[in-house]
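Comments concern the structure below.
Numbering (the numbering used here), first residue to last: 8 to 146.
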């Protein structure tokens, strides 16, 4: 049961790291503001206005999610060697760690029910729940 709980948390952290690394380690990457003008089923596009002396671009996309709405303006960072953007700031950072929050909630069930460690289970559930609620309130 301990291995299952550990696997859940590691899988949640791994799923989160894909976007969270660009939010946390954004120094040296191209930052700017995205004004979303339209969204398809999977991505949203718009006008990217970089911080600094770069030209305005319209060929960059951001993943469509609850964190991005049409006609919204968002601070973003460009993923290296791609045309993809990741939302930054508190809302973007919490949204990037959302899979970890869900994994902590699932692991809490395994820890509490399978390992019979209620304090650790409540701690994991509380941390996962705070992450989920914090994301909901900031996005």
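Yeah, the Cβ is synthetic: ideal placement off N, Cα and C, and Gly gets one too.
query, result
"Segments of 3+ residues assigned as beta strand (DSSP E) that fall wholly inside the segment 38-109", "38-46, 50-57, 68-70, 80-85, 91-94"
"Contact the segment 55-70 vs the segment 112-120: 3+ CB pairs below 8 Å", "no"
"Residue 80: CB within 6 Å of a non-hydrogen atom of the ligand NAP", "This structure simply doesn't include the ligand NAP, nor any ligand for that matter."
"Inter-stretch contact at 8 Å, needing at least 3 Cβ pairs: the segment 77-91 / the segment 23-43", "yes"
"Segment limits, alpha helix (DSSP H) that includes residue 35", "Here residue 35 belongs to no alpha helix (DSSP H), and DSSP marks it neither H nor E."
"Reference residue 106, options 134, 120, 49, closest by Cα", "134"
"Alpha carbon of residue 74 to alpha carbon of residue 87, nearest angstrom", "21 Å"
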